[in-house]
DNA sequence: CTACAAGCTCAAGCTAACTTGAGGTCAAGA
DNA sequence: TCTTGACCTCAAGTTAGCTTGAGCTTGTAG
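Protein chains in written order, with this note's numbering: chain A, 1 to 143; chain B, 1001 to 1143.
Okay, here's the thing in structure tokens:
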């Protein structure tokens, strides 16, 4: 009753929406694994699709591939640093608040007809809200 | 008794936390503007700090510099496309939901001692939740 | 007045995350 | 048998977003 558990790279590409070259690239980086070869061709377990979905989410969340390699590798026996995860979760918290502020800012800007939004009090309030939380983030280096 | 309204690039760098080279780069891209020069040196109005804060938020939200150049330029007279803003806000909505799922996933993973989180039902539920929303690609108008 | 820190320009370099290209393998259908 | 088409490798190219380096200019403190 198990549906095709083994997929070739083209099938994974079709189902994940990622380019074949991207899949090979991810495998080389260690983000995903093929479960063997048939001749020269890579074979993948269907579970790789779940993992790729997780990677997409992570990318969207702003994680780098390297970070995800560390964070999302919940392999058997490999204990992933609990603090590290919590820390990442906290970073996401901040980010979510900021995104929410930006979203509200955009929605407001679409409706508000002030000449310059940078001077609109509502807009500034939203901005300030987001920045206040940001204060904790003193770092010399940008992304 | 207005405090120094005019800042030189070093001061902007100090107050914004961005490298001087980054500020010059942003100016070249048109993301910020200097209000003139003293000799060869750029001068900035204090308001550039607010704009830079907005840019930082936007970057965090995953906007590219080019996008922000279009979206965050609420200049006098320049009418920014209302649909475009709303569309961006909707994109952020989706992103916020995904980030929330990832955050919960991380928090769960930190506590759950299942051997493989990809197989943990709670984790999968969170993942599915995020992915389901992803399917809903509404909105007729693209960029 | 002269040293020098802080500016400046322009070109080149760097990292992440992929993509593209050249050239080769292999199973299957006409 | 011959031809496709999907796969392979490895190297080089691409884009975004900056940073670095070389070489030149200035305002100001000693």
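Each residue gets a CB set at the ideal place from its N, CA and C atoms; glycine is no exception.
The structure presented is a predicted model; accordingly, all values stated were derived computationally and were not measured.
Nearest-angstrom Cα separation, counted from residue j out to residue i
i, j, result
"residue 67 of chain A", "residue 1099 of chain B", "15 Å"
"residue 1019 of chain B", "residue 1013 of chain B", "6 Å"
"residue 1087 of chain B", "residue 1072 of chain B", "14 Å"
"residue 1049 of chain B", "residue 1024 of chain B", "14 Å"
"residue 1107 of chain B", "residue 57 of chain A", "15 Å"
"residue 1054 of chain B", "residue 1125 of chain B", "35 Å"
"residue 85 of chain A", "residue 8 of chain A", "32 Å"
"residue 1051 of chain B", "residue 1034 of chain B", "12 Å"
"residue 64 of chain A", "residue 36 of chain A", "27 Å"
"residue 1114 of chain B", "residue 1127 of chain B", "16 Å"
"residue 1123 of chain B", "residue 32 of chain A", "18 Å"
"residue 111 of chain A", "residue 92 of chain A", "29 Å"
"residue 27 of chain A", "residue 61 of chain A", "21 Å"
"residue 1046 of chain B", "residue 109 of chain A", "22 Å"
"residue 1038 of chain B", "residue 89 of chain A", "46 Å"
"residue 44 of chain A", "residue 1044 of chain B", "56 Å"
"residue 1059 of chain B", "residue 1021 of chain B", "17 Å"
"residue 96 of chain A", "residue 1094 of chain B", "11 Å"
"residue 1130 of chain B", "residue 129 of chain A", "26 Å"
Neighbour-count burial assignment, residue i, 16 or more Cβ in a 10 Å radius
i, result
"residue 29 of chain A", "exposed"
"residue 1077 of chain B", "Note on residue 1077 of chain B: pLDDT 49, under 50, position unreliable in the model; no value is reported."
"residue 16 of chain A", "buried"
"residue 1006 of chain B", "exposed"
"residue 41 of chain A", "exposed"
"residue 82 of chain A", "exposed"
"residue 1120 of chain B", "buried"
"residue 10 of chain A", "exposed"
Paired residues, beta bridge with residue i - DSSP
i, result
"residue 36 of chain A", "A/43"
"residue 6 of chain A", "A/45"
Would you call the stretch 1100-1116 of chain B and the stretch 1052-1071 of chain B touching, i.e. three or more CB-CB distances under 8 Å? no
Curious, which full-length alpha helix (DSSP H) runs of at least 4 residues does the stretch 62-116 of chain A contain? 65-71 and 82-111
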